[in-house]
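Enquirer:
2 protein chains.
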Amino acid sequence: MQKNDNKAKYYKLMEYLKDEILMSRIKPGEQVPSENSLAEEFLLSRHTVRKAISMLVNEGYLYTEHGKGTYCTDWNRKRTNSKNIGVITTYISEYIFPKVVTGIEQVLSDNGYSIFLKNTNNNPLKEALYLEDLLENNIAGLIIEPSKSALFSNNLQYFKALDGHNIPYVFIHGYHQKLEATSYVMLDDAAGMYKAVEYLIKLGHKRIAGIFKGDDMQGLNRHKGYAQALFDGRLLYNPDDVVWFSTEDKDTKPTEVIRQFMEEKRGIDSVVCYNDDIAFRVFELLTGMSIKVPEDISLIGFDDSYLSANSSVKITSVSHPKEKLGEIAAQILLQMLKDSNYLKNPIQNVITPGLVIKESCIQR
Amino acid sequence: MQKNDNKAKYYKLMEYLKDEILMSRIKPGEQVPSENSLAEEFLLSRHTVRKAISMLVNEGYLYTEHGKGTYCTDWNRKRTNSKNIGVITTYISEYIFPKVVTGIEQVLSDNGYSIFLKNTNNNPLKEALYLEDLLENNIAGLIIEPSKSALFSNNLQYFKALDGHNIPYVFIHGYHQKLEATSYVMLDDAAGMYKAVEYLIKLGHKRIAGIFKGDDMQGLNRHKGYAQALFDGRLLYNPDDVVWFSTEDKDTKPTEVIRQFMEEKRGIDSVVCYNDDIAFRVFELLTGMSIKVPEDISLIGFDDSYLSANSSVKITSVSHPKEKLGEIAAQILLQMLKDSNYLKNPIQNVITPGLVIKESCIQR
DNA sequence: AATTATTTGTGCGTATGTATC
DNA sequence: AGATACATACGCACAAATAAT
């Protein structure tokens with residue numbers, strides 16, 4: 005112990021003990037000397053020793069067992085006492101997200117956890133805000149759909165902080181590229197889109213336009229599958245037939261460009277879309293232009309959502325597991341919470357979607 | 005302060021002081037009596053008083069200033085810019101609740117709020133735990149489906165604490181009886197069940213069994229509508245034809261008693277159920293006993309959920325607005341957050357449900 | 001099965017230090 | 001300077017839980 009500072013005796017003892025713990029001279033689970041023996045050793049009253057110990061108990065370094073002794077906390081597992089899980093998604097109440105979130109809730113609340121729901125609207129600044137927020141609140145774990153996962157993220161520091169605090173996190177739909185080993189559950193977006201395009205080619209389509217989102221990983225991968233399927237089907241990949249949009253112009257650009265394509269009569273016979281939301285908008289656009297689906301143009305969406313089932317012509321779409329995806333993410337997180345080894349050995353789950361054939365494509 | 009529990013003195017004092025704070029008898033910023041005067045007042049040693057106070061300081065209820073005094077923490081300030089809303093429901097991911105929660109999320113996240121989701125499993129002790137939890141986190145408001153709303157609640161103190169901190173809250177589905185003026189949105193459960201029974205009477209049914217939940221307000225009101233409809237239809241109300249169950253025995257008692265009814269062949273020609281969950285179980289029971297719905301027994305559920313649509317014979321049910329109910333609750337809360345006058349003038353919204361006629365009832 | 005030693009938990013008394021008004 | 005309030009510190013006694021004898 006130190007020489008004479010002007011610090012209080014209990015405070016110096018507390019610092020000494022904390023140091024012993026941090027330097028692993030007192031190891032997790034190990035018993036610390038009894039109050040009486042510490043008092044004797046450091047020539048203090050038991051009361052003073054108790055004060056020092058109670059501070060460390062409050063900070064979580066130690067815990068006491070009545071009649072047995074005082075022990076060093078194994079704070080790799082310490083987070084267990086928080087039963088709050090942060091869930092950050094791009095959207096919550098729209099599209100397929102309610103179902104994904106329901107799947108997460110199902111599993112987590114069955115296991116006694118509460119959920120802190122936040123949506124970023126795909127805005128990395130909001131993501132940063134919420135990550136900071138959740139770090140301050142004391143959460144046991146995090147499930148996150150990254151915002152703009154294709155772009156470089158400034159939020160990596162927060163994930164490193166989570167690593168530092170041994171707070172496990174699971175990505176869904178995509179993950180920030182720069183993180184080396186992370187747990188995630190996502191779709192094989194390329195394979196899904198490949199199936200859609202392959203199907204159109206089999207039906208005899210020659211000019212397949214594609215609409216893709218440029219600022220998330222899903223969009224890039226779906227585009228990859230599109231290009232690969234064209235190549236394998238011996239069709240030319242024509243950059244001019246591809247529409248790229250982003251979060252900011254998603255409500256206007258896809259339909260505007262497709263309208264232009266149609267007005268130019270450049271001979272497109274089908275369109276594959278980033279998701280059902282876009283597909284549904286394109287369907288409405290085409291209907292408004294008196295272009296018939298599927299007679300004039302075949303159309304395929306992605307995610308097999310209610311949007312592809314509600315239109316007057318049901319839109320063929322690539323499946324999305326929705327609740328199942330949420331459940332898997334939650335189960336992965338639970339495993340990581342149970343066994344801290346999983347923090348080092350990430351669990352990665354890729355689901356291969358299938359094509360759900362409805363009414364929006366016909367043989368050419 | 006209380007009488008003699010076997011709790012420790014310091015603990016009882018701590019609870020007493022915490023209660024004073026939660027009930028706003030000690031207001032934020034206000035100075036609490038000095039250690040010596042508390043010791044004198046409660047005939048305790050100063051040391052014991054200090055122990056109680058130090059716990060409350062640790063939990064953040066109080067803070068001390070050396071040489072000046074001990075003060076009540078003002079967590080109002082922090083709350084003002086909080087964009088977090090607590091949502092406590094009995095269940096989250098089952099039955100109609102995902103839709104209700106989705107409605108809440110829709111409105112709140114559109115207005116920039118995050119949601120803290122907790123489910124009580126209809127256990128008032130968990131409700132208490134979560135209410136305390138949310139009071140310590142800084143939430144801007146609360147939407148709550150009360151647990152066991154028919155029974156006397158020990159959790160009223162927390163709602164008074166919310167009042168004291170100007171945190172608005174909205175009840176859904178029911179409300180704790182003892183609170184005088186609260187905002188809520190709920191169904192006219194009596195009217196809904198009345199319509200169901202009236203419909204059965206019109207179809208010529210004479211012996212209508214009823215299954216009701218005894219520990220929430222909805223159950224009592226649905227029973228009320230049942231009894232009133234029988235009376236108006238000049239049928240005898242027979243207590244032996246009524247099954248009461250509670251949260252704890254919901255999975256066993258309703259079907260067991262109905263099985264007994266059937267084995268006794270007491271001439272029941274129809275069953276109205278507290279909700280679709282019960283109705284679905286009864287349907288499966290009857291089918292298992294080779295009793296046909298609706299040929300032998302007519303059956304009506306409540307909530308118009310997927311359960312009443314998924315069975316082989318679609319079950320006639322009383323409608324429930326689900327998302328709409330969630331949206332209304334969220335909108336009420338937003339109004340209360342915007343205009344603090346609403347805290348004094350509660351907004352109460354009662355939705356009258358209708359009967360959704362499907363396939364489970366026929367003319368006798 | 002009862003006893004005993006050890007350890008933490010509760011509670012009181014006292015004295016002194018130090019910051020605030 | 002003095003009164004008041006919280007902070008530190010020591011000592012003592014007994015209660016309650018635990019583990020070993």
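Protein chains in written order, with our numbering: chain A, 5 to 368; chain B, 5 to 368.
In this text, a Cβ means the ideal position worked out from N, Cα and C, and glycines have one as well.
As the structure is a prediction and not an experimental result, all values here were calculated from the model.
1) Would residue 198/B be called buried (16 or more neighbouring beta carbons within 10 Å of its own) or exposed?
2) Please list, in chain order, the residues of the region 25 to 48 of chain A that have any C-beta partner in chain B closer than 8 Å.
3) Which residues, in order along the region 104 to 119 of chain B, keep a beta-carbon less than 7 Å from a beta-carbon of chain A?
4) Report all residues from its chain with a CB closer than 6 Å to the CB of residue 107/A; omit the five preceding and five following residues, and keep chain order.
5) Among the candidates 286/B, 359/B and 352/B, whose CA atom is the shortest distance from the CA of residue 336/B?
6) For residue 237/A and residue 196/A, what's the separation of their Cα atoms in angstroms?
7) Among 272/B, 221/B, 276/B and 216/B, which residue has its Cα nearest to the Cα of residue 253/B?
8) Can you list, in chain order, the residues of its chain with a C-beta nearer than 7 Å to that of residue 128/A? Leave out the 5 residues immediately preceding and following it.
9) According to DSSP, residue 216/A sits in a beta bridge with which residue or residues?
10) Hey, out of 61/B, 171/B and 38/B, whose CA is closest to residue 340/B's CA?
11) Under 7 Å Cβ-Cβ, which residues of chain A neighbour residue 97/B?
12) Between the Cα of residue 347/A and those of 36/A, 314/A, 167/A and 287/A, spot the shortest distance and give me the residue it belongs to.
13) Examine chain A for any beta-carbon lying closer than 9 Å to the beta-carbon of residue 21/B, and answer yes or no.
14) Which residues, in order along the region 120 to 143 of chain B, keep a beta-carbon less than 9 Å from a beta-carbon of chain A?
15) Report yes or no: do three or more beta-carbon pairs, one from the region 129 to 139 of chain A and one from the region 59 to 77 of chain A, lie closer than 8 Å?
16) So, are the CB atoms of residue 155/A and residue 146/A less than 9 Å apart?
17) By the three-class DSSP mapping on this structure, what secondary structure does residue 123/A have?
18) Ignoring anything shorter than 3 residues or poking outside the region 153 to 225 of chain A, list the beta strand (DSSP E) runs there in chain order.
19) Which residues, in chain order, does the region 44 to 73 of chain B contribute to contact with chain A at a C-beta distance below 7 Å?
20) Return the first residue and the last residue of the alpha helix (DSSP H) that residue 339/A is part of.
21) Quick one: is residue 103/A buried, meaning 16 or more other Cβ sit within 10 Å of its Cβ, or exposed?
22) Within 10 angstroms of its Cβ, does residue 321/B collect 16 or more other Cβ (buried), or is it exposed?
23) Out of 282/B, 292/B, 291/B and 290/B, which has the shortest C-alpha to C-alpha gap to residue 306/B?
24) Following the continuous alpha helix (DSSP H) through residue 312/A, name the residue where it begins and the one where it ends.
25) I'd like to know whether the C-beta atoms of residue 212/A and residue 274/A end up nearer to each other than 9 Å.
26) Please return the same chain residues whose Cβ sits closer than 7 Å to the Cβ of residue 31/B, not counting the five positions on each side in sequence.
27) Are the CB atoms of residue 89/A and residue 143/A within a distance shorter than 9 Å?
28) Thinking just about the alpha-carbon of each residue, which of 308/A, 290/A and 309/A is nearest to the one in residue 300/A?
29) Mind checking whether residue 265/A and residue 364/A have CB atoms under 9 Å apart?
30) Have a look at the DSSP bridge pairing and note the partners of residue 90/B.
31) Per DSSP, residue 278/B is paired with what?
32) With C-beta atoms as the reference, is residue 112/A less than 9 Å away from residue 119/B?
33) Output the distance between the C-alpha atoms of residue 263/B and residue 241/B, rounded to the nearest integer angstrom.
34) Under 8 Å Cβ-Cβ, which residues of chain B neighbour residue 325/A?
35) So, helix, strand or coil for residue 367/A, using DSSP?
Expert: If we stick to the structure as given:
1) Buried: at least 16 other Cβ atoms inside 10 Å.
2) If the cut-off is 8 Å between Cβ atoms, the region 25 to 48 of chain A has nothing near chain B.
3) So the list reads 106, 109, 110, 113, 118 and 119, given in the order they occur along the chain.
4) Excluding positions up to five away in sequence, the list reads 327, 330 and 331.
5) Of 286/B, 359/B and 352/B, the smallest CA-CA separation from residue 336/B is found for 352/B.
6) Straight-line Cα distance between these residues: approximately 16 Å.
7) For the residues 272/B, 221/B, 276/B and 216/B, the minimum Cα distance to residue 253/B belongs to 216/B.
8) If we look at residue 128/A and ignore the five residues flanking it on each side, its Cβ neighbours are 151, 152, 157, 158 and 159.
9) Paired residue(s): 248/A.
10) For residue 340/B, the nearest C-alpha among the options comes from 171/B.
11) Within chain A, the residues near residue 97/B are 106, 109, 110 and 113.
12) Between residue 347/A and the set 36/A, 314/A, 167/A and 287/A, the nearest pair of CA atoms involves 167/A.
13) Output row for residue 21/B: interface = no.
14) Going along the region 120 to 143 of chain B in chain order, one finds 120, 121, 122, 123, 125, 134, 137 and 141 with a Cβ nearer than 9 Å to chain A.
15) The way I'd put it, the region 129 to 139 of chain A doesn't touch the region 59 to 77 of chain A; fewer than three beta-carbon pairs between them come closer than 8 Å.
16) No, Cβ-Cβ distance for residue 155/A and residue 146/A is not below 9 Å.
17) Here residue 123/A carries a strand assignment [DSSP, helix/strand/coil].
18) Correct list: 173 to 176, 187 to 191 and 212 to 217.
19) Within the region 44 to 73 of chain B, 62 place their CB atoms closer than 7 Å to a CB of chain A, listed in sequence order.
20) DSSP places residue 339/A inside the alpha helix (DSSP H), whose first and last residues are 327 to 342.
21) Its Cβ being crowded by 16 or more others within 10 Å, residue 103/A is buried.
22) Here residue 321/B is buried. Its C-beta has 16 or more other C-beta atoms within 10 Å.
23) Check the Cα spacing between residue 306/B and each of 282/B, 292/B, 291/B and 290/B: the tightest is with 282/B.
24) Unbroken alpha helix (DSSP H) run through residue 312/A: 310 to 314.
25) The answer is yes: Cβ separation under 9 Å.
26) So the qualifying residues of the chain are 76.
27) Remark: C-beta atoms of residue 143/A and residue 89/A approach each other more closely than 9 Å.
28) The shortest C-alpha separation from residue 300/A is found at 290/A.
29) The answer is no: Cβ separation not under 9 Å.
30) According to DSSP, residue 90/B bridges with 120/B and 146/B.
31) The partner list for residue 278/B (beta bridge, DSSP) is empty, contrary to what the question assumes.
32) The Cβ atoms of residue 112/A and residue 119/B do not sit closer than 9 Å to each other.
33) Taking the straight line joining both Cα atoms gives about 21 Å.
34) Residues of chain B passing the Cβ test: none, with the nearest at roughly 16 Å.
35) The answer is coil: DSSP assigns residue 367/A none of H, G, I, E or B.
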